[in-house]
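If you want the numbering used here, it's the 1-based position in the sequence shown plus 210.
C-beta atoms are modelled at their ideal positions from N, C-alpha and C, and glycine is treated no differently.
Bear in mind that the values here come from a model prediction, so they are computed numbers and not experimental data.
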Amino acid sequence: MLKNKREFIMNDLMVSGFIKHENQEIFLVENEETGKSELRVRLQSKDNLCIANADEKKTELHFFQPERVKSMYKRVDHIIFEHQRNNKWKLYLIEMKSSVGEKKWGEIKGKFRASYLLAQGIAGMLELEISETVMFTTFEKVQFALPDTMPSVRRGNLGSRFVRMEQEWSGESFGLNFGERISFSHIPVQMVRNEKDVLVGDLTAG
211 MLKNKREFIM
221 NDLMVSGFIK
231 HENQEIFLVE
241 NEETGKSELR
251 VRLQSKDNLC
261 IANADEKKTE
271 LHFFQPERVK
281 SMYKRVDHII
291 FEHQRNNKWK
301 LYLIEMKSSV
311 GEKKWGEIKG
321 KFRASYLLAQ
331 GIAGMLELEI
341 SETVMFTTFE
351 KVQFALPDTM
361 PSVRRGNLGS
371 RFVRMEQEWS
381 GESFGLNFGE
391 RISFSHIPVQ
401 MVRNEKDVLV
411 GDLTAG
């Protein structure tokens, strides 16, 4: 009965193609101004759900505050729900970039936070129990160094524990602000540029 309800919501109530069934291998494409990225994702399960190009779909939730600094209207590139045992689902949020620095990393974390809340809402509608959340950033180049002209960035926000980008990026100490800092898994995925000037990579999850 639960599966029938889920299929009805996906096929009869949601916009066509918004979320799709996927097998163990998913091919994701992102077209940025700086170039194209292609990522092959391999999962353990054969029964998965994917919202590809989530950032291009109309997912605005207008009860969120619109200030750009909070990024509540930003989305990651791709959202995957991987089916686990006992009707539990593992959530993957994937953001695809060519280069990442301190400023861009702050923007990416804003996308992760907003997309996590969106994914929780969709999971609630489809009655998907999320067992774990993992966030991925694909990249060609990453720059950790802070410019000397920005000492305030080094101090972080008053009253909050400052965590260096290297620690967050590597997954050593990655977290998002929900009134308190909640820890998540973050995994960087190295991409390489092929002869067609396209960034390509592989991700084995699960």
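The DSSP assignment places 312-336 as complete runs of the alpha helix (DSSP H) inside the region 255-336, in order along the chain (cut-off: 4 residues). Secondary structure of F346 (DSSP, three-state): strand. With a threshold of 16 other beta carbon atoms within 10 Å, D287 meets it and is buried.
A check of alpha carbon separations from G227 across K280, D257, A264, S281 identifies A264 as the nearest.
Residue nearest to Y326 within the set N297, G311, E350, H396 is H396 (criterion: CA-CA distance). Annotated as distal: E292 and N241, with beta-carbon spacing of 8 Å or more.
Take V399, set aside five residues on each side of it, and the residues of its chain with a beta-carbon closer than 6 Å to its own are F346, T348, G411, L413, in chain order. Inclusion of K321 and R285 in the CB contact set at 8 Å is warranted, their separation being smaller than that value. According to the DSSP assignment, F354 belongs to no alpha helix (DSSP H), since it is labelled neither H nor E. Under DSSP, N241 forms a beta bridge with K246. Residue pairing from DSSP leaves S383 without any beta-bridge partner. Note that the region 237-252 does not touch the region 273-282; fewer than 3 beta-carbon pairs, one per stretch, sit closer than 8 Å. As computed with DSSP, K230 is found in a beta bridge with C260. Straight through space, the alpha carbons of E232 and K351 are spaced by roughly 30 Å.
When DSSP states are grouped into helix, strand and coil, D407 belongs to the coil group.
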